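Have a look at the structure below, then the notes.
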Amino acid sequence: MKIGFDAKRAFNNRRGLGNYSRETLRILTTLGPEHQYYLFTPGIDPGIGFECPDGARLVTTQARGTWPQSFWRTFGIAKEAKRLELDLYHGLSHELPFGIEKTGIRTVLTMHDLMFLSHPGFFSHFDRTMYRKKYLHSCRVADRIVAISEQTRRDLLEWTDTPNEKIEVVYQGCHPRFRQPITEEAKQQFREHHHLPEAYLLNVAAFEPRKNQLILLKALETKRFDLPLVIAGQKTPYLETLRQYAREHGLEHRICWLPNLPGEALPALYQSATAFAFPSLYEGFGIPVVEALASGLPVIAATGSCLEESGGPDSLYCSPTDETEWAERIAEVVENEAKRNTMIQQGLAYSERFSDQAIHRKLIQIYQNLIP
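Counting along the sequence shown from 1, when you hit position 111 you're at 111 in the numbering used here, and nothing is skipped either side.
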């Protein structure tokens, strides 16, 4: 098969959509080298550090004339895909190029969430309007939609007119590096380099209100557990809001901030921690939860979206607005070694459902069902 991908976020995004795109492309090109892969991107951010995988071809705005980058991705890719005689085009992040439905090329669309409809307060009016036009159009014209969780499938059925038989749930992958044990010496060096304590509660998420790190600061205030908190994520102005709260409530000495930590440092960060807390108000999948499970960490996560899917039946779950419940659940994990060890072993087993092989098998089956 000749398969094209919207790879903009693989080359230009450091967060969840970028990670999903990079992992999907890594899995497919590694486990399916018999196919031809074309990666469409309007540009490349060298700071991301993602290189075109072996066996794949990069297609950029330089391929055809002088299209403005933003216009090319929306309106120009369809013509380029037809010229290349693709069998299939997969939009990895919510959208397909306009006109692709008129080319005869079969299409797959990955939908991560519909938060712009279910939680509009997280977005500006401009963004909601743009997403409604582009994303809902893509849902209508796609031959198949990949939902990254059952929660996203339910949202598609509730908020769009997408028929259920058009949707396939394929979970997000987790890079194998998180499963590779790191030596105690390397972990110690990592902690010393970043001035981290020997034991800590970890949260990995962008610094923004939706990720809800504030509830963890409030849980610290209850003093029901004696464990410092380490928060790592992409730096935004909201980080200063959290720092200010910590200063005003005397929590500075109990929190370590790690903004913009390189991705290659994450396995050591996870494996050096005692437990993982993820209180996000809403997620389409929540890949940090799977990374934590694969790293051998017990997980406490928030109710209200898909995190029970990514965390499995042996993780603990709390209301995202109840700091007392968070403090009690964290204490339960930290203070009970037997429970913690059981959660670790069950979590490692559960994380296997997000393996490269499982994801490759499901995606290729979807592609093959569309191509006679």
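Beta carbons are placed, not taken as given, at the ideal position from N, Cα and C, and that holds for glycine.
The structure presented is a predicted model; accordingly, all values stated were derived computationally and were not measured.
For residue i: DSSP bridge partner residues
i	result
Met111	Ala147
Val290	Bridge partners of Val290: none, in fact.
Lys2	Gln36
Leu58	Leu39
Leu117	None; Leu117 has no bridge partner.
Val230	Leu202 and Cys256
Arg106	Leu88
Candidates the options, of which the one nearest residue i by Cα
i	options	result
Phe285	Asp6, Asp161, Asn13 and Leu17	Leu17
Glu325	Leu216, Pro313 and Glu283	Leu216
Ile300	Glu337, Asn260, Met343 and Ala268	Met343
Gln368	Asn336, Thr107 and Thr222	Thr107
Leu88	Ser118, Thr103 and Leu348	Thr103
Ile100	Met1, Asp113, His112 and Arg83	Arg83
Arg210	Ser305, Glu150 and Arg57	Ser305
Arg247	Ala277, Leu214, Phe278 and Ala232	Leu214
Arg9	Met1, Lys2, Arg22 and Pro267	Arg22
Ala56	Val170, Leu28 and Glu158	Leu28
Asp54	Arg26, Ser149 and Ile231	Arg26
Lys376	Thr222, Pro262 and Glu252	Examination of residue 376 is not possible in this model, given that the chain is present from 1 through 372 alone.
Ile366	Glu165, Ile287, Ile330 and Leu242	Glu165
Glu337	Ala275, Phe354 and Gly312	Ala275
Gln172	Ile364, Phe5, Ile359 and Leu370	Ile359
Asn393	Phe278, Tyr135 and His35	Residue 393 lies beyond the residue range present for the chain, which begins at 1 and ends at 372; the question has no answer from this structure.
Ser319	Ser355, Val290 and Tyr282	Tyr282
Leu400	Tyr135, Gly296 and Glu291	Only positions 1 to 372 of the chain appear in the structure, and residue 400 is not among them; the question remains open.
Ala331	Leu370, Ala7 and Glu221	Glu221
Thr160	Leu242, Val146, Cys139 and Phe190	Cys139
Glu252	Val230, Asp6, Gly4 and Glu264	Val230
Span of the beta strand (DSSP E) around residue i
i	result
Pro259	Ile255 to Pro259
Ile300	Val299 to Ala302
Ala275	Ala275 to Phe278
Leu25	It is not in any beta strand (DSSP E) - Leu25 instead sits in the alpha helix (DSSP H) that spans Gly16 to Leu31.
Leu96	Segment: none, Leu96 is in no beta strand (DSSP E) and carries neither H nor E.
Cys318	Leu316 to Cys318
Residue i, enclosing alpha helix (DSSP H) - first and last residue
i	result
Lys79	Ile77 to Arg83
Gln346	Glu337 to Tyr350
Phe11	Lys8 to Asn12
Ala246	Tyr238 to Glu248
His90	Unbroken run through His90 is the beta strand (DSSP E), Leu88 to Gly91; no alpha helix (DSSP H).
Ala268	Leu266 to Gln271
Tyr282	No alpha helix (DSSP H) contains Tyr282, which DSSP labels as neither H nor E.
Leu363	Asp356 to Leu370
Leu374	A question about residue 374 goes unanswered here, because the residues of the chain that appear run from 1 up to 372.
Glu309	Leu307 to Gly311
Nearest-angstrom beta carbon gap, residue j and residue i [assumed within contact, 8 Å]
i	j	result
Pro120	Arg132	No, Pro120 and Arg132 are not in contact; Cβ-Cβ is about 10 Å, not under 8 Å.
Ser272	Lys187	5 Å
Phe178	Tyr270	7 Å
Pro267	Ile182	6 Å
Phe225	Val59	Not really, about 51 Å apart at Cβ, beyond 8 Å.
Pro228	Tyr245	About 16 Å separates the two Cβ atoms, so there is no contact after all.
Leu293	Gly347	4 Å
Val169	Glu150	6 Å
field: Completely contained beta strand (DSSP E) runs for the segment 133-216, where each covers 3 or more residues
entry: Listed in chain order, the complete beta strand (DSSP E) runs (minimum 3 residues) inside the segment 133-216 are 144-147, 167-169 and 201-204.
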